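In terms of the numbering used here, the sequence shown opens at residue 2 and continues consecutively. We put the CB at the ideal spot given by N, CA and C, even for glycine. None of these values were measured; they are calculated from a predicted model.
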Amino acid sequence: MDTTETARLRRFALTAALLLITYVEAGIVVEPDARISVFGVPVHVGRPDLLPAGLALAALCGGLRFYYYGLMLATSPHRKRRELLNGLTAHFDEYIRPGKPIKPGAVVSGTKIPMYWGPQKFETASHYDEELVRKRAMAFDNVFPKFACKRASARVVGETFLDDEGETHQNYCVEVIVPLRCRAAAIFEDLDYTAPAWVSACAFLLFLRTLA
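Written as structure tokens, this is what we have:
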């Protein structure tokens, strides 16, 4: 399922869930043999008692389909950030302070790096292929949301070293800076992206409550 189809599925799931929540919480009652107009076309409602069940079914199906296609199969913003963070290590600037002990939890890497808080400066492992490292740096573009005039940045840094025979070599790594406000803004981005799943679940639970 491509991005366009996922966006359509997202809109359908949210619309069905919000309609169900509105119907249940507002206490809407449709009279038998009621006539309503849908896009200018008159519609006769013969079984209004089945309307909330239909909305509940639409919300449930929409939420489950989005969960499968939009979260499990597609690369969500959260998964994309997680995959990139897994290849980083906290920069030594984060935990080395002259005359001060290393801060607890500062030396983190890979899956131990928190998504929404923690160190702000990271680096990748060194590699001799500059082009490959530059591609890794480009992968960080727009991964974290820009917020309050701050945005995540990534730059290539060269490292010169001598081998056992005294020859000079050049390695490269990516230095990444992710401001805390950008990491915090990622919470709202994730809530917004996953809204079709959790809003649909809330709507269906509200519907079940009316049956009790």
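Just measuring C-alpha positions, the residue of 174, 66, 170 sitting nearest residue 126 is 174.
With a 10 Å radius around the Cβ and a threshold of 16 neighbouring Cβ atoms, residue 43 comes out exposed. A straight-line Cα-Cα distance of about 32 Å links residue 49 and residue 71. The straight-line gap separating the alpha-carbon atoms of residue 89 and residue 159 is approximately 17 Å.
The stretch 3-16 makes contact with the stretch 195-209; the number of CB pairs closer than 8 Å reaches 3 or more. Per DSSP, residue 170 is one residue of the beta strand (DSSP E) stretching across 169-178. Residue burial is scored here from C-beta neighbours: residue 115 has fewer than 16 other C-beta atoms within 10 angstroms and is therefore classed as exposed. Residue 156 is bridged by DSSP to 176.
Take the alpha-carbon of residue 191 and the one of residue 167: they are about 50 Å apart.
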